[in-house]
Ligand SMILES: [Zn+2]
């Protein structure tokens, strides 16, 4: 018997068959359709069928989705094409598979994975920061996942670090994501090229065969000491650091886990850099406070989603 963890990302849908000990025993990956919820539901079911090679018994499905989830329903999905209003994706998937389906925010679910089986094990108060297309965040407080009164807690990406600052994907200004989200960084790079700056970023993108600057593309540009990429990345680190320092001041967590695509490419160095840059913003930086890169990497989402589904089974 396995639990299925599904991680619906802006680019890919990942499915993992996860055992009781949080190990992934089967997987599948599909591109995320851009035609709205129905096509995403089909892709999720298709991926689960693809992962279930041995037709093992599935007891429940947990799904991490890049949006606000409240009361088990998807409230808002700003980062997936065609999701303009709340959509019930639990019922069709549950009916198709005949098992309970639980939903969570993708960043919360990723942190849950790190908490049950990765870098955050044993910590009662944790901030998770996920650096990818956007900036996701999650919280563990008092030894349990915390999603707030309305399901929207932990949005470190939309903590304001500069009043009246750069325009964010959320429509507001000065958010962490406006400086550190990969999509916004690519936009800034394009604007700077149009204004006459040069960079190898987009040549690297073509060379890697990507349709946009991925984490891999950024990592290579940084490695090759591309000046513009380095400048944008330094600004990204600064923005994340101001946000993280403020969260530490507010919540006094003992651990900050740094995950997402950029973390996978840059490793513990990225966590260390954010730690160093955020320390000056902290009122009482405790010597025991630590920063760690995600230990599960790409698997954090599926392991966490499965853990969410299993916890829901236990609590009934
Ligand atoms: Zn924002």
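In this note's numbering, the protein residues as written are 2 to 317.
Here a beta-carbon is modelled for each residue, glycine too, at the ideal position from N, C-alpha and C.
Just so it is clear, the structure is predicted and the values come from calculations on it, not from any experiment.
The shortest C-alpha to C-alpha distance from residue 177 to any of 137, 208, 290 is the one to 137. With respect to the C-alpha of residue 156, the residue from 143, 106, 200 having the closest C-alpha is 106. In the three-state scheme derived from DSSP, where H, G and I count as helix and E and B as strand, residue 78 is classed as coil. Annotation: residue 250 is outside any beta strand (DSSP E); the continuous alpha helix (DSSP H) that includes it extends over 228-252. Counting every other CB atom within 10 Å of its CB across the protein chains shown gives residue 151 a total below 16, marking it as exposed. Relative to the non-hydrogen atoms of ligand 1, the Cβ of residue 178 comes within a distance shorter than 7 angstroms of at least one.
DSSP places residue 99 in no alpha helix (DSSP H); its state is neither H nor E. Bridge pairing for residue 84: absent [DSSP]. Relative to ligand 1, residue 213 has its C-beta separated by 7 angstroms or more from all heavy atoms. Secondary structure at residue 292: strand, using DSSP grouped into helix, strand and coil. Out of 211, 226, 302, the CA that lies nearest to the CA of residue 201 is found in 226. Judged by their CB atoms, residue 26 and residue 128 are not nearer to each other than the 8 angstroms cut-off. Non-local C-beta neighbours of residue 296 in its own chain, meaning closer than 6 angstroms and more than five positions away in sequence, comprise 119, 120, ordered along the chain.
Counting along the chain, residue 156 sits inside no beta strand (DSSP E), nor does DSSP assign it H or E at all. Our two residues, residue 115 and residue 197, have alpha carbons roughly 43 angstroms apart in a direct line. Between residue 228 and the set 194, 165, 154, the nearest pair of CA atoms involves 194.
By the neighbour-count criterion, in which a residue is buried when 16 or more other Cβ atoms sit within 10 angstroms of its Cβ, residue 301 is buried.
Residue environment: residue 213 is assigned as exposed (fewer than 16 neighbouring CB atoms within 10 Å of its CB, all protein chains considered). In this structure the segment 89-98 does not lie against the segment 244-255, because fewer than three pairs of beta carbons, one per stretch, are closer than 8 angstroms.
Between the segment 273-284 and the segment 234-241, the count of Cβ pairs shorter than 8 angstroms is three or higher; the stretches touch.
Comparing alpha carbon positions, the residue from 85, 169, 255 closest to residue 287 is 255. Contact check for residue 190 and residue 132: beta-carbon distance about 16 angstroms, past the 8 angstroms limit, so the pair fails to qualify.
Remark: three or more beta-carbon pairs, one from each stretch, lie closer than 8 angstroms, so the segment 7-23 and the segment 32-49 are flagged as touching. Going by beta carbons, residue 72 and residue 7 fall outside the 8 angstroms limit.
Residue state for residue 209 is assigned as coil, using DSSP reduced to three classes.
With a 10 Å radius around the Cβ and a threshold of 16 neighbouring Cβ atoms, residue 32 comes out exposed.
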